[in-house]
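Oh and the sequence shown: position 22 is 22 in full-length UniProt numbering, straight run, nothing missing. No residue lacks a Cβ here, since even glycine has one placed at the ideal position from N, Cα and C. Fair warning: this is a prediction, and the values are worked out from it, not measured in the lab. As structure tokens, the structure follows; a few thoughts come after it.
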Amino acid sequence: MAEEKTEKQKMLSGEWYHAGYHELREDRKKCQELLKSFNSTPQGPERTSVARKLFGSYGERNFINYPFRCDYGYNIFFGDDLEMNYDCIFLDVGKIKIGNNVFMGPGVHIYAVNHPVDPTLRKTGVEIGQDVVIGDNVWIGGGAIILPGVTIGEGTTIGAGAVVTKDIPDNVMAAGNPCKVIKQVVPEKK
């Protein structure tokens, strides 16, 4: 008979799980300790070293303005040449994958977690991770909110204050609540 999965194993495999279990509370506590160090250390090699302990991956030449907040850290995967402004919050129950050359304005929130709509089920305390993927060369305007399970395509711009509820294709400008494609963007040839 197969051994029952731990709540952390359920979380990492995208199943309904209970966040209040000891192992996950300890993971969040460790993340908060690393965030305290990350947010109080100036840009440079020491901060990069903390970032490499905190995140699932942390590329080269990244700049994250503090404060930055997240739940676990190990479910966040950054590419290279990231520019992230103040006060960004990532709820990383599911994986959050950020491509190369991504810009984020202040106050961008990414929620890779969902809760039951049914109030009876919600009272049990279960939640589920749903991955968020942001392609290369994306710009996300300040105050945008990216909801669980969303993929934003390569070369896309998301307008400030947008609430992204569904996938957005490559090379478009999208904005609004809910976020909708406004126009196609044709990248210039070099």
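If you draw a straight line from the C-alpha of residue i to the C-alpha of residue j, how long is it?
{"i": "Lys36", "j": "Val50", "result": "10 Å"}
{"i": "Pro169", "j": "Glu23", "result": "37 Å"}
{"i": "Phe43", "j": "Ile140", "result": "It is Gln, not Phe, that sits at residue 43 in the sequence shown. Straight-line Cα distance between these residues: approximately 22 Å."}
{"i": "Val132", "j": "Lys190", "result": "30 Å"}
{"i": "Thr41", "j": "Arg47", "result": "6 Å"}
{"i": "Lys29", "j": "Thr6", "result": "18 Å"}
{"i": "Gly105", "j": "Gln130", "result": "23 Å"}
{"i": "Thr124", "j": "Tyr21", "result": "13 Å"}
{"i": "Gly79", "j": "Arg52", "result": "12 Å"}
{"i": "Thr165", "j": "Asn101", "result": "23 Å"}
{"i": "Phe68", "j": "Asn85", "result": "9 Å"}
{"i": "Pro45", "j": "Gly14", "result": "34 Å"}
{"i": "Pro178", "j": "Gln9", "result": "33 Å"}
{"i": "Ile64", "j": "Lys97", "result": "15 Å"}
{"i": "Cys70", "j": "Asp87", "result": "11 Å"}
{"i": "Leu34", "j": "Gly94", "result": "19 Å"}
{"i": "Glu4", "j": "Cys31", "result": "26 Å"}
{"i": "Arg61", "j": "Thr151", "result": "24 Å"}
{"i": "Lys180", "j": "Ala2", "result": "45 Å"}
{"i": "Pro119", "j": "Arg25", "result": "24 Å"}
Cα-Cα, which of the options is closest to residue i?
{"i": "Asp81", "options": "Pro187, Tyr21, Val138, Leu147", "result": "Val138"}
{"i": "Gln184", "options": "Asn85, Pro178, Val172", "result": "Val172"}
{"i": "Gly176", "options": "Thr157, Gly125, Gly20, Pro119", "result": "Thr157"}
{"i": "Glu83", "options": "Phe77, Lys95, Gly94, Phe103", "result": "Phe103"}
{"i": "Arg122", "options": "Ile64, Tyr86, Val181, His18", "result": "His18"}
{"i": "Val113", "options": "Ile76, Arg61, Glu33", "result": "Ile76"}
{"i": "Leu147", "options": "Gly155, Pro119, His115, Thr120", "result": "His115"}
{"i": "His187", "options": "Gly155, Arg61, Asp27", "result": "His is not the amino acid found at residue 187; the sequence shown has Pro there. The shortest C-alpha separation from Pro187 is found at Gly155."}
Can you round the beta-carbon distance between residue i and residue j to whole angstroms, since I take them to be within the 8 Å contact cut?
{"i": "Ala174", "j": "Gly159", "result": "7 Å"}
{"i": "Tyr74", "j": "Gly59", "result": "Not confirmed; about 16 Å, so no contact."}
Can you check whether the CB of residue j is closer than 9 Å to the CB of residue i?
{"i": "Gly135", "j": "Gly149", "result": "no"}
{"i": "Leu54", "j": "Phe38", "result": "yes"}
{"i": "Asp92", "j": "Tyr66", "result": "no"}
{"i": "Ile128", "j": "Ile110", "result": "no"}
{"i": "Gly143", "j": "Gly99", "result": "no"}
{"i": "Trp16", "j": "Val117", "result": "no"}
{"i": "Ile182", "j": "Val163", "result": "no"}
What residues match up with residue i in a beta bridge as DSSP calls it?
{"i": "Met104", "result": "Met84, Ile140"}
{"i": "Gln184", "result": "Val172"}
{"i": "Tyr17", "result": "Glu127"}
{"i": "Cys70", "result": "Phe90"}
{"i": "Phe38", "result": "Beta-bridge pairing links Phe38 to no other residue."}
{"i": "Lys30", "result": "Partner(s): none; Lys30 has no beta bridge."}
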